[in-house]
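Colleague: Note that the working numbering has the sequence shown beginning at -4, numbered continuously upward. So that we are looking at the same thing, I have put the structure below in structure tokens.
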Amino acid sequence: MRYVAVVCPRCGMASAARSGAKSHVCPFCGARIDLERASAIASGSAEEVRRAVARHNEAARRRAEARRGGGRGEGERSDAN
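Listed below in structure tokens is the structure:
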């Protein structure tokens, strides 16, 4: 089965939908996404699309955190590194 990664026009988060579907409900904000008009960032196998969704959403979270002023200061490191 093939999938497509789409970006929600309401909240900006990405999620996976089945290729060929007409619409998809965003799991983050509940918006109904018209897949024929949606902004697709990847398509392929479930694993390929899962990775694309994870990359997009991590970048979106970092941007949101930076806008809120919650970014790490210079010299500080994340425990994840």
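For every residue, glycine included, the Cβ atom is placed at its ideal position computed from N, Cα and C. Here the structure is a predicted model, which is why all the values come from computation and not from measurement.
Are the CB atoms of His12 and Val1 nearer to each other than 8 Å?
Modeller: Correcting the residue type first, residue 12 is Ala in the shown sequence and not His. In contact: Ala12 and Val1 (Cβ atoms closer than 8 Å).
Colleague: Taking the continuous beta strand (DSSP E) assigned at Arg57, which residues delimit it?
Modeller: Looking at the DSSP string, Arg57 is not in any beta strand (DSSP E); the run it does join, the alpha helix (DSSP H), is Ala41 to Arg62.
Colleague: How many angstroms separate the CA atom of Glu43 from the CA atom of Arg63?
Modeller: Glu43 and Arg63: Cα-Cα distance of roughly 31 Å.
Colleague: Assign Ser14 to one of three DSSP states: helix, strand, or coil.
Modeller: Coil, per DSSP.
Colleague: Taking buried to mean at least 16 other C-beta atoms within 10 Å of its own C-beta, is Ala77 buried or exposed?
Modeller: Absent from the structure is residue 77, since the part of the chain shown begins at -4 and ends at 76.
Colleague: Buried or exposed for Ala41, please, with buried defined as at least 16 other CB atoms from any protein chain shown within 10 angstroms of its CB.
Modeller: The residue in question, Ala41, is exposed, as its Cβ has fewer than 16 Cβ neighbours within 10 Å.
Colleague: Quick check: what's the CA-CA separation for Val88 versus Ala61?
Modeller: Given that the chain is displayed from residue -4 to residue 76, the structure contains no residue 88 and the question cannot be resolved.
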